[in-house]
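Under the working numbering, the first residue of the sequence shown carries the number 1, and numbering increases by one thereafter.
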Amino acid sequence: MTETEALVRVEGARLHYPIGGIVSAMRGLPSAVKAVDGISFTLHRGESVGLLGESGCGKTSTGRLLLKLDDPTDGHITFDGEDITTIRGEALRRFRTRAQLIFQNPFEALNPRFTIRAALSEPLENARIPRAEREARIHRVMDLVRLPDAAQFLDRYPHQLSGGQLQRIVMARALILEPDFVVADEPVSMLDVSVRAGVLNVFREVRARMGLTAVYISHDLALVRYVCERTIVMYLGRIVEDGPTEDLVREPLHPYTKALVAAVPVPHPDQSHDPLPIGRGAPDPRNPPSGCSFRDRCPMAHARCAVEEPGPSRVGQRLVHCHLYDQADTRPAARGTPA
Ligand SMILES: Nc1ncnc2c1ncn2[C@@H]1O[C@H](COP(=O)(O)OP(=O)(O)O)[C@@H](O)[C@H]1O
Ligand SMILES: [Mg+2]
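And the structure:
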C-alpha cells in the first residue's frame, strides 16, 4: 500500500437539512439548511487532514457524511473503493468497524452508568470479538492512549476521571477495533487548555503508530497546524482552499484563509500579516449569497463573484476556489490584487 493510494473519495457531496415545511415553501422562504453544499476531495491512506472553518460552516456535517452517520442529499462518497451511500449488510458492518468517530465532548460521549471496562468492551462485543481476547485488547488500547496503568481506571465510572483522561478513553473506544479511518470532531474543545497538548500528542502518536487516515475537525488553525499535514478550509458548506498546511499558513491564497491566518497570533514578529476586515459571523446557510458564498465579506470581491461560483484552480499543490486564481497553474502577480 502506498501513501498516495486513495482511501476516501468525496464527489460533489451535499447535505441539506430540510426546514420550514410547506408554509415557508409557499411564502418562498428557504426550505433547507445547506450545511454541506457540493464538496469534493480525496483522502489518501495515512494522511491527516484538517477540516477548518468557523462554527456553522459544515465541518461536523461533513464528518457525519464521511462516517455515514448521514447520507448525502446529493453526490457520492466512496471508502476503499466502495460507495458508502449504498452499502448494507456485512459490508456496512465492516465499514462501521473500519471508520470511527472521536467525539467532541468526552463528558457526554460515555454512558455514566458504565464502567470504563464496560465502555471499552461494548464495541468488542458488537464486533463479536471472542470474550477471551477482549481483556488483552483493552489493555493494549489503554497503553496506546497512554493510560498504561489500566487496572487503576477500568473499574471506575466516567465521573471519577478527569477531562483529559476521559478524552483518552473516548479515543481508546474509537481505536479498539483497530480502524483505518477516524474523524476527530474538535476533540479538545471541551477540555481545559492545560490538558489539551497531552491529548493532542496522544492523537498524533496513535495516528502515526497505527498508520491511520484521520480527519481532524477544528475552528482553530493553530490546532490543525499542530496535527495535520494537509488542511481543507470550509466556508458556508463549501471548500475554499485545500492544500499542505504549511503552505497554507505561510502563504494563504483564498481571502478567507488569509483572514483565518491573520487571526492567529503571529509566531515570528518579523512576519507581517494583513488582517482582513471581514468581521465575525458567517451569513445564513439557509440563504447563502449567489455566486461565491464568501463574496459579501470579501474585500476583493468583484462583479463576477456575485454571478459565478468559483471552481477549483490549482496553484502549486493547492486547490483554491476563488476567481482571483481562475487561470489555473499560475500564481497571481501580487497578493490580493483583483484579477
Ligand atoms: N440536524 C440539523 N438540522 C438543521 N440544521 C442543522 C442540523 N445540523 C446542523 N445544522 C446546521 O447546518 C449548518 C452546519 O452545521 P455543522 O455541520 O454543525 O457546522 P460546524 O460543525 O462547522 O459548526 C449550521 O447552520 C447548523 O445550524
Ligand atoms: Mg461542529
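By construction, the Cβ of each residue, glycine as well, lies at the ideal position given by its N, Cα and C atoms.
One or two residues paired with residue i in a DSSP bridge
{"i": "residue 74", "result": "14"}
{"i": "residue 314", "result": "319"}
{"i": "residue 6", "result": "44"}
{"i": "residue 234", "result": "239"}
{"i": "residue 227", "result": "DSSP, once it has assigned bridges, lists no residue as partnering residue 227."}
{"i": "residue 82", "result": "79"}
{"i": "residue 214", "result": "48 and 182"}
{"i": "residue 222", "result": "Bridge partners of residue 222: none, in fact."}
{"i": "residue 101", "result": "183"}
{"i": "residue 129", "result": "For residue 129, which the question treats as bridged, DSSP gives no partner whatsoever."}
{"i": "residue 39", "result": "13"}
Among the options, nearest to residue i - alpha-carbon criterion
{"i": "residue 189", "options": "160, 223, 129 and 36", "result": "223"}
{"i": "residue 74", "options": "147, 302, 27 and 36", "result": "36"}
{"i": "residue 56", "options": "147, 24, 33 and 105", "result": "33"}
{"i": "residue 58", "options": "251, 236 and 179", "result": "236"}
{"i": "residue 291", "options": "310, 76, 122 and 67", "result": "310"}
{"i": "residue 167", "options": "151, 191 and 160", "result": "191"}
{"i": "residue 213", "options": "307, 101 and 225", "result": "101"}
{"i": "residue 60", "options": "282, 183 and 308", "result": "183"}
{"i": "residue 6", "options": "23, 44 and 20", "result": "44"}
{"i": "residue 121", "options": "94, 175, 103 and 69", "result": "175"}
{"i": "residue 94", "options": "152, 298, 181 and 41", "result": "181"}
{"i": "residue 87", "options": "67, 106 and 103", "result": "67"}
{"i": "residue 205", "options": "155, 194, 138 and 226", "result": "226"}
{"i": "residue 133", "options": "177, 282 and 114", "result": "177"}
{"i": "residue 105", "options": "53, 151 and 158", "result": "158"}
{"i": "residue 317", "options": "297, 283 and 252", "result": "252"}
{"i": "residue 153", "options": "219, 124, 131 and 118", "result": "118"}
{"i": "residue 161", "options": "110, 130, 140 and 28", "result": "110"}
{"i": "residue 283", "options": "21, 29, 19 and 54", "result": "54"}
{"i": "residue 303", "options": "285, 315, 324 and 4", "result": "324"}
Under the three-state DSSP convention, the category residue i falls into
{"i": "residue 296", "result": "helix"}
{"i": "residue 59", "result": "helix"}
{"i": "residue 243", "result": "strand"}
{"i": "residue 190", "result": "coil"}
{"i": "residue 178", "result": "coil"}
{"i": "residue 34", "result": "strand"}
{"i": "residue 327", "result": "coil"}
{"i": "residue 121", "result": "helix"}
{"i": "residue 157", "result": "coil"}
{"i": "residue 262", "result": "helix"}
{"i": "residue 255", "result": "helix"}
{"i": "residue 307", "result": "helix"}
{"i": "residue 332", "result": "Unreliable positioning characterises residue 332 in this predicted model, as indicated by a pLDDT of 47, which lies under 50. The coordinate reading is nonetheless provided below. It is coil, neither helix nor strand."}
{"i": "residue 197", "result": "helix"}
{"i": "residue 301", "result": "coil"}
{"i": "residue 145", "result": "coil"}
{"i": "residue 113", "result": "coil"}
{"i": "residue 162", "result": "coil"}
{"i": "residue 339", "result": "The predicted position of residue 339 is uncertain, since its pLDDT is 36 and thus under 50; a value taken from the coordinates is nonetheless stated next. Reduced to three states, the DSSP call for residue 339 is coil."}
{"i": "residue 290", "result": "coil"}
Residues near residue i by beta carbon distance below 8 Å, same chain, minus five either side
{"i": "residue 319", "result": "239, 241, 242, 243, 312 and 313"}
{"i": "residue 288", "result": "34, 37, 236 and 237"}
{"i": "residue 230", "result": "47, 48, 49, 50, 242, 243, 244 and 245"}
{"i": "residue 25", "result": "31"}
{"i": "residue 209", "result": "144"}
{"i": "residue 19", "result": "30, 31, 32, 33 and 286"}
{"i": "residue 107", "result": "158, 163, 166 and 190"}
Contacts around residue i, its chain only, beta-carbon distance under 7 Å, and the 5 residues preceding and following it disregarded
{"i": "residue 72", "result": "13, 14, 15, 65 and 85"}
{"i": "residue 198", "result": "164"}
{"i": "residue 257", "result": "233, 240, 241 and 248"}
{"i": "residue 17", "result": "32, 33 and 35"}
{"i": "residue 143", "result": "none"}
{"i": "residue 81", "result": "none"}
{"i": "residue 137", "result": "124, 129 and 176"}
{"i": "residue 156", "result": "115 and 116"}
Cut-off 6 Å between Cβ atoms - residues of its own chain near residue i, not counting five sequence neighbours on either side
{"i": "residue 333", "result": "Residue placement at residue 333 is flagged as unreliable, the pLDDT there being 42, under the threshold of 50; a coordinate-derived value is accordingly withheld."}
{"i": "residue 260", "result": "221"}
{"i": "residue 169", "result": "116"}
{"i": "residue 424", "result": "Because the chain spans 1 through 339 in this model, residue 424 falls outside it and cannot be assessed."}
{"i": "residue 217", "result": "51, 59, 63, 185 and 186"}
{"i": "residue 78", "result": "9"}
{"i": "residue 294", "result": "235 and 256"}
{"i": "residue 211", "result": "46"}
{"i": "residue 145", "result": "168, 171, 172 and 202"}
{"i": "residue 127", "result": "97 and 177"}
{"i": "residue 297", "result": "278"}
Residue i beta carbon near ligand 3 (any heavy atom closer than 6 Å)
{"i": "residue 254", "result": "Absence of ligand 3 is noted for the structure shown, with ligand 1 and ligand 2 being the only ligands found."}
Chain D within 7 Å of residue i, Cβ atoms only
{"i": "residue 53", "result": "This model lacks chain D altogether, as it is built from one protein chain only."}
task = Could you name the residues whose beta carbon sits closer than 5 Å to any heavy atom belonging to ligand 1, keeping them in chain order?
result = Taken from the N-terminal end onward, the list reads 17, 33, 35, 55, 56, 57, 58, 59, 60, 61 and 285.
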